[in-house]
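One structure is given below, encoded as C-alpha cells.
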Amino acid sequence: MNLSRRFRRLRGTSAIRELVAETRLTPDHLITPLFLIEGENKKEAIASMPGYYRLSLDLLEKEIQELNQLNLWSMLLFVKAPDHLKDNEGKEAVNPEGLMQRAIRKIKSISPQTLVMTDVALDPYSIYGHDGIVEDKQIVNDKTVDVLARMSISHAMAGADFVAPSDMMDGRVKAIRDALDNKGFTQTGILAYSAKYASCLYGPFRDALDSAPGFGDKKTYQMDFRNSTEAVKESLQDIDEGADMVMVKPAGAYLDIIQKVKMNVTVPVAAYQVSGEYSMIMAASANGWMDEKQAMLESLTAIRRAGADVIITYFSKKFATNFYGNKK
Ligand code: PBG
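Here it is, written out as C-alpha cells:
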C-alpha cells in the first residue's frame, strides 16, 4: 500500500511510545487521603475498601515515613469521631484538642515538609451524618458556614497548610478566607470542593468514617449529576470567594466535568478519585475480572488527561510503588 501516513510508527516500541506520550503522571501530582481514629496501635481494615485502613495517631510516624519514601508529600486528613462526641453543632469540630487538630500537629512534627490538607465539613461530627447543622430536617446554610469558618481557623492554628471544605454550603469559601485572614493565617490555602456531586460512589467512605446520613440524602447541597454548567458556576464562584484550587468529585465518571472546569479556570484543578471508584477496581481485580495495576494506571491517567492538575486517590501508594519499581 502506498500510504502517506502510517500512524503505527509512533506506537511501534515502548521507547517511541514513552517519547511521545502526552499525559504524564507522577507521585508529585497525588494527594493521599488518611483516615484517622482514636486509640493506640490501631490499624483497622475497612471492609468496603480492601487494602485501605484507619490508623491511630501513634502509627502516623511509620506511615508518613513510608509515604515520604515514595515521594508522596501531600495528605488529606479525615477523622472518625467517637460517637459520644457527635452533636448537631459541630462542637468537637472546633476542639483544639480534637483528633483532627492533634493529627495535624503530629504530622507536622514528624515531617514539617509534608503538605497537610484537612477536610472541613460537619458530617464526621454530626449525629445526623450531614455536612451541616440540621433544623426541622433541613441542612441550614448560614449557621453551618459559621462553624466551618471556626473549624478552619482551628485547623490552621494546629498547622494545616490547606483547608478543604467539602460541605457544599453557599458562601463558605469567602467566610473561611475572611476568618483565616482576620486571624493572620494569610498563608493557609483553600482547596475548595467546588463541583461535588451527590454520588453513590461515596458509600465506602461513609462506611470508613461511619458518617452515612441518618435521614434523607445530600441532594439539597451536593450537585445533581445531570448538570455540568453548574460545575463551572460553582468553581468560578469559589475562586471569586478566594479558593486557591478547585476540585471536581467524583473523578472517573466526571471526566467531562474536569475538562470543562479546567478550560474555564486559571487555578489548579484537583479531581478526587473517590472511595467507590477505588472499591470497584479492587473488587473486580479481586475476582480476577480486571488487572488491578492496569486499572489503576488507566483510571488515574484518564483523570489527568481530562485536565486534572492534582489527583486525590486511595491508590497513591500503589501508584508510587509502581512508578519507582517499574520505570518501564
Ligand atoms: C464528607 C466527605 C465525603 C467524601 C469526602 N468528604 C462523603 C460525603 O460527602 O458524603 C467522600 C470521599 C470518598 O468517597 O472517597 N464531607
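Under numbering that gives the first Met the number 0, the letters of the sequence shown match residues 0 to 327, in that order.
Each residue gets a CB set at the ideal place from its N, CA and C atoms; glycine is no exception.
Scan the segment 50-93 and note each continuous beta strand (DSSP E) run of 3 residues or more that stays entirely inside, going in chain order. 52-55, 73-78
Under 9 Å between C-beta atoms of E37 and S55: Counted from its first residue, the sequence shown places residue 37 at position 38. Counted from its first residue, the sequence shown places residue 55 at position 56. Yes.
How far does the beta strand (DSSP E) with D118 in it reach, from first residue to last? The residue you call residue 118 lines up with position 119 of the sequence shown. Per DSSP, D118 belongs to the beta strand (DSSP E) from 114-119.
Under 9 Å, do V146 and V93 count as touching if we go by C-beta distance? The residue given as residue 146 occupies position 147 in the sequence shown. The residue given as residue 93 occupies position 94 in the sequence shown. Yes. Within cutoff.
Could you compute how far the alpha carbon of P203 sits from the alpha carbon of V273? Counting from 1 along the sequence shown, the entry for residue 203 is found at position 204. Counting from 1 along the sequence shown, the entry for residue 273 is found at position 274. For P203 and V273, the distance between alpha carbons rounds to 9 Å.
Reduced DSSP secondary structure (H/G/I, E/B, other) of T12: As a working mapping, residue 12 is identified with position 13 in the sequence shown. Residue state, collapsed to three classes: coil.
Does the segment 289-305 touch the segment 66-77, meaning 3 or more C-beta pairs lie closer than 8 Å? no
Proximity of L299 and T320 at Cβ, strictly below 9 Å: Taking the first residue of the sequence shown as position 1, residue 299 is located at position 300. Taking the first residue of the sequence shown as position 1, residue 320 is located at position 321. No, Cβ-Cβ distance for L299 and T320 is not below 9 Å.
Spatial distance of K326 from R23 (CA atoms): Here residue 326 is taken as the residue at index 327 of the sequence shown, counted from 1. Here residue 23 is taken as the residue at index 24 of the sequence shown, counted from 1. Reliability of the predicted coordinates at K326 is poor, the pLDDT of 46 falling under 50, and the value obtained from them is presented with this limitation in mind. Each residue's Cα considered, the two are about 13 Å apart.
Let me check one thing: in DSSP terms, what residues is M222 bridge-paired to? Within the sequence shown, the letter at position 223 stands for residue 222. Looking at the DSSP assignment, M222 forms a beta bridge with Y196.
Proximity of E39 and Y52 at Cβ, strictly below 9 Å: Locating residue 39 in the sequence shown gives position 40, where the first residue counts as 1. Locating residue 52 in the sequence shown gives position 53, where the first residue counts as 1. Result no, Cβ atoms of E39 and Y52 do not sit closer than 9 Å.
Quickly, what does DSSP pair G188 with across the bridge? List them, please. Walking along the sequence shown from the start, residue 188 turns up at place 189. The partner list for G188 (beta bridge, DSSP) reads F161.
Quick one: residues in its chain with C-beta nearer than 8 Å to the C-beta of V115, no 5 flanking neighbours on either side, listed in chain order? Taking the first residue of the sequence shown as position 1, residue 115 is located at position 116. Result list for V115: M74, L76, I103, I106, K107, G158, A159, D160, F161, in chain order.
May I have the straight-line CA-CA distance separating R7 from R16, to the nearest angstrom? By 1-based counting over the sequence shown, the position of residue 7 is 8. By 1-based counting over the sequence shown, the position of residue 16 is 17. Whole-angstrom Cα-Cα distance: 10 Å.
Decide if the segment 234-249 is in contact with the segment 188-207; the criterion is three or more beta carbon pairs, one per stretch, under 8 Å apart. yes
For R101, the nearest candidate out of V19, F214, H154, G183 (CA to CA): Here the question's residue 101 lines up with position 102 in the sequence shown. If we check each option's Cα against that of R101, H154 comes out closest.
Between which two residues does the alpha helix (DSSP H) harbouring V264 extend? Walking along the sequence shown from the start, residue 264 turns up at place 265. Element bounds for V264: n/a, residue is neither H nor E.
Taking the beta strand (DSSP E) that M246 belongs to, which residues open and close that run? Counted from its first residue, the sequence shown places residue 246 at position 247. Residues 244-248.
Can you pull the DSSP bridge partners for F34? Taking the sequence shown and counting its residues from 1, one reaches residue 34 at position 35. Note: F34 sits in a beta bridge opposite R53, F77.
Tell me the DSSP secondary structure of T25 in three-state form. Position 26 of the sequence shown, counted from the first residue, corresponds to residue 25. Looking at T25 - three-state DSSP - the assignment turns out to be coil, as it is neither helix nor strand.
Which ranges would you report for the alpha helix (DSSP H) in the segment 269-300 if only whole runs of at least 4 residues count? 274-285
Distance check for K316 and I280, CA to CA, integer angstroms please. Counted from its first residue, the sequence shown places residue 280 at position 281. Counted from its first residue, the sequence shown places residue 316 at position 317. Going from the Cα of I280 to the Cα of K316 covers about 15 Å.
Does the beta-carbon distance from A120 to D166 come in below 9 Å? Walking along the sequence shown from the start, residue 120 turns up at place 121. Walking along the sequence shown from the start, residue 166 turns up at place 167. It is a contact, given that the beta carbons lie within the stated cut-off.
Supposed close pair A307, V268 - CB separation, criterion 8 Å: As a working mapping, residue 307 is identified with position 308 in the sequence shown. As a working mapping, residue 268 is identified with position 269 in the sequence shown. With a Cβ gap of about 6 Å, A307 and V268 count as contacting.
Where P95 falls, given that 16 or more other Cβ within 10 Å makes a residue buried: The residue labelled residue 95 in the question sits at position 96 within the sequence shown. The residue is exposed, with fewer than 16 neighbouring Cβ atoms inside 10 Å.
According to the neighbour-count rule (16 or more other Cβ atoms, all chains shown, within 10 Å of its Cβ), is R176 buried or exposed? Here residue 176 corresponds to residue number 177 of the sequence shown, with the count starting at 1. Under this definition R176 is a buried residue.
Alpha helix (DSSP H) containing E329: first to last residue? Residue coverage of the chain in this structure runs from 0 to 327, which leaves residue 329 outside it and unanswerable.
Is K259 near S227, with beta carbons less than 9 Å apart? The residue given as residue 259 occupies position 260 in the sequence shown. The residue given as residue 227 occupies position 228 in the sequence shown. Yes, the Cβ-Cβ distance between K259 and S227 is below 9 Å.
Starting from E240, follow the alpha helix (DSSP H) in both directions and report where the run begins and ends. Indexing the sequence shown from 1 puts residue 240 at position 241. It spans 228-240 - the alpha helix (DSSP H) in which E240 sits, taken as one unbroken run.
Applying the 10 Å Cβ sphere with the 16-neighbour rule, what's the burial state of I126? By one-based count along the sequence shown, residue 126 stands at place 127. Per the 10 Å Cβ criterion, exposed.
With a threshold of 8 Å (Cβ to nearest heavy atom), would S165 be considered close to the ligand PBG? Here residue 165 refers to the residue found at position 166 when the sequence shown is read from its first residue. Yes - the ligand PBG has a heavy atom lying nearer than 8 Å to the Cβ of S165.
The beta strand (DSSP E) spanning A44 covers which residue range? Reading the sequence shown from its first residue, position 45 is the one you call residue 44. From DSSP, the beta strand (DSSP E) with A44 extends over 42-44.
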